[in-house]
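The structure appears below as structure tokens.
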Amino acid sequence: MALKGLDYFKFTPKTNCKECGCPTCMAFSMKVAQGGTTIDKCPHIKPEDLAKLSEASAPPMKKFTVGAGKAEFSLGGETVLFRHEKTFVSKCLYGVNVTGDNVDTVLEDAKKVDYVRIGERMFCEVVNVEFTGDKGKFLDAVKKAAAAERVVILDCTDVGAAKEAVELCKAGKPILNGANESNFADMSKIATDAGVLLGVRAESLDALYDTVQKIEAAGNKNLVLDVGTKSIKDAFANAVEIRRTALNPKGGDRSFGYPSIVNLSKISGGNHECEVGLASIFTLKYGSIIIMSGLDYAAALPLYGLRQNIFTDPQKPMRVEPGIYPINGADENSICATTVDFALTYFIASGEFERSGVPVNLIISDAGGYSVLTAWAAGKLTAGSIAKFIKEKCEDKCKNKTLILPGKVAVLKGELEEALEGWKIIVGTNEAVGIVKFIKDLTA
Ligand code: SF4
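Spelled out as structure tokens, the structure:
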């Protein structure tokens with residue numbers, strides 16, 4: 303059961319010395335209970351109490367880092383079952399399944415999916431290399447996957463092949479997903495020696511629990527749980543049960559407090575559309591790593607968009623970076639338009655400008671991440687803020703000094719004309735749907 307503020311307070315010296323950054327010991331204790339800081343930030347708690355409290359205040363689900371370089375990600379660390387309770391900690395990762403026979407084509411196709419959305423790189427983050435019995439081909443595929451700068455999962459229950467494969471790619475912090483009821487001791491040793499995470503699988507959830515407990519008892523708590531490949535129903539039930547068991551608000555069981563792997567390529571029956579639908583379900587509940595048989599733009603666009611909506615802090619607006627966004631090959635002589643940095647507004651407006659085919663420089667200033675009217679009402683979108691941004695960032699980059707203002711803030715026109723000497727301000731449409739006709743008529 304999670305400790306409360308008073309439980310921590312009992313162990314502080316109550317001197318209110320402020321060394322932890324909090325004004326009082328009580329404030330510090332409350333912050334620890336809410337997960338805002340860690341108990342070790344108070345240097346005055348006795349070491350024996352600190353050890354007890356650190357264990358009790360650790361997240362019910364372990365958090366790890368996998369991969370390296372451009373493909374380094376966090377896994378796990380979740381504290382709640384539902385996003386409306388609190389922000390999820392680690393986004394799920396998407397990957398492709400390869401074997402020695404198809405590694406080149408699957409990797410080549412997956413590499414084509416690579417784009418940026420709201421400041422986040424969207425690409426195939428994981429390569430699951432499946433051992434199909436031929437060690438030579440498997441090791442060859444592992445080398446190719448390791449060179450692709452993705453997190454590599456070694457999907458292999460053969461101890462000999464796993465050992466050689468880990469040696470080939472351990473610098474990239476792969477996951478060895480190969481421990482089962484019969485080989486877990488050997489696999490755990492290989493993973494521990496190489497300092498990599500160990501994936502555990504079993505015939506049933508009970509057997510998985512028992513195997514995890516045996517591995518933990520041997521001292522390895524760096525685990526990932528494979529939800530199984532018996533059937534879609536079984537994998538989904540396992541994913542939900544594992545997470546519920548770990549994060550039960552009445553007291554979770556930490557033997558299931560690990561991230562999960564779900565390999566859809568083994569349960570979707572070769573139906574790619576079904577696989578993408580399942581990937582969206584496991585994005586919601588509760589796949590930490592979701593493997594598919596392949597990844598293309600048709601699958602990636604909805605999946606990554608969904609993930610970006612689920613694994614963000616609902617209290618923080620999604621925003622795009624302030625700047626000048628040239629659309630349809632716009633250059634310094636192209637007409638300018640402006641709107642707010644709220645991601646949804648940006649994508650709708652930029653999409654309509656793109657549809658018009660007219661080259662436009664879309665100028666995005668810092669408006670607090672709010673929609674047009676909200677930003678204006680909150681004083682985040684003013685003639686002053688737009689003018690300041692344009693003077694600082696755009697004056698020498700935009701020779702065409704015609705600026706289209708969102709229709710909903712037409713009230714700013716006069717003030718903006720005064721603040722931006724030499725600029726012609728044109729009031730645009732109230733709704734994005736009118737942008738195409740408006741800009742075409744304007745530039746005809
Ligand atoms: S550092 Fe420790 S003793 Fe000092 S205020 Fe913080 S909790 Fe209290």
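So the mapping is simple: our numbering equals the position in the sequence shown, first residue as 1, plus 302. By construction, the Cβ of each residue, glycine as well, lies at the ideal position given by its N, Cα and C atoms. Model, not experiment: these values are computed from the prediction.
Inter-residue spacing [alpha-carbon to alpha-carbon] between residue i and residue j
i: residue 477; j: residue 413; result: 20 Å
i: residue 501; j: residue 527; result: 6 Å
i: residue 663; j: residue 643; result: 14 Å
i: residue 464; j: residue 371; result: 23 Å
i: residue 328; j: residue 492; result: 45 Å
i: residue 363; j: residue 558; result: 8 Å
i: residue 429; j: residue 511; result: 26 Å
i: residue 675; j: residue 684; result: 11 Å
i: residue 418; j: residue 638; result: 23 Å
i: residue 411; j: residue 596; result: 8 Å
i: residue 699; j: residue 343; result: 48 Å
i: residue 747; j: residue 623; result: Nothing in the structure corresponds to residue 747, since the chain is present only between 303 and 746.
i: residue 696; j: residue 321; result: 45 Å
i: residue 455; j: residue 479; result: 6 Å
i: residue 367; j: residue 524; result: 10 Å
Residue i, buried or exposed, once every other Cβ within 10 Å from all chains shown has been counted against 16
i: residue 599; result: exposed
i: residue 438; result: exposed
i: residue 657; result: exposed
i: residue 423; result: exposed
i: residue 457; result: buried
i: residue 402; result: buried
i: residue 708; result: buried
i: residue 310; result: buried
i: residue 472; result: buried
i: residue 630; result: exposed
Proximity of residue i and residue j at Cβ, strictly below 8 Å
i: residue 652; j: residue 627; result: yes
i: residue 575; j: residue 566; result: no
i: residue 654; j: residue 737; result: yes
i: residue 531; j: residue 591; result: no
i: residue 706; j: residue 397; result: no
i: residue 377; j: residue 561; result: yes
i: residue 739; j: residue 729; result: no
i: residue 534; j: residue 580; result: yes
i: residue 427; j: residue 399; result: no
i: residue 346; j: residue 325; result: no
i: residue 305; j: residue 353; result: no
i: residue 537; j: residue 452; result: no
i: residue 467; j: residue 513; result: no
Among the options, the one whose alpha carbon lies nearest that of residue i
i: residue 381; options: 630, 552, 698 and 720; result: 552
i: residue 667; options: 650, 657, 693 and 364; result: 693
i: residue 394; options: 687, 563, 675 and 309; result: 563
i: residue 459; options: 444, 486 and 442; result: 486
i: residue 443; options: 404, 680 and 361; result: 404
i: residue 724; options: 713, 704, 472 and 373; result: 704
i: residue 636; options: 660, 604 and 554; result: 660
i: residue 613; options: 537, 690, 344 and 385; result: 385
i: residue 722; options: 483, 734 and 688; result: 688
i: residue 711; options: 640, 743 and 555; result: 640
i: residue 360; options: 375, 470 and 379; result: 379
i: residue 425; options: 450, 383, 434 and 446; result: 450
Range of the contiguous alpha helix (DSSP H) that encloses residue i
i: residue 585; result: 574-586
i: residue 679; result: 674-679
i: residue 544; result: 534-549
i: residue 460; result: Residue 460 -> no alpha helix (DSSP H), and no H or E assigned at all.
Segment limits, beta strand (DSSP E) that includes residue i
i: residue 640; result: 637-641
i: residue 653; result: Segment 645-658 is the alpha helix (DSSP H) holding residue 653; no beta strand (DSSP E) there.
i: residue 594; result: 591-594
i: residue 604; result: Not the beta strand (DSSP E): residue 604 falls in the alpha helix (DSSP H), residues 599-612.
i: residue 443; result: Where residue 443 is concerned, there is no enclosing beta strand (DSSP E), although the alpha helix (DSSP H) it sits in stretches over 437-449.
i: residue 722; result: Here residue 722 belongs to no beta strand (DSSP E), and DSSP marks it neither H nor E.
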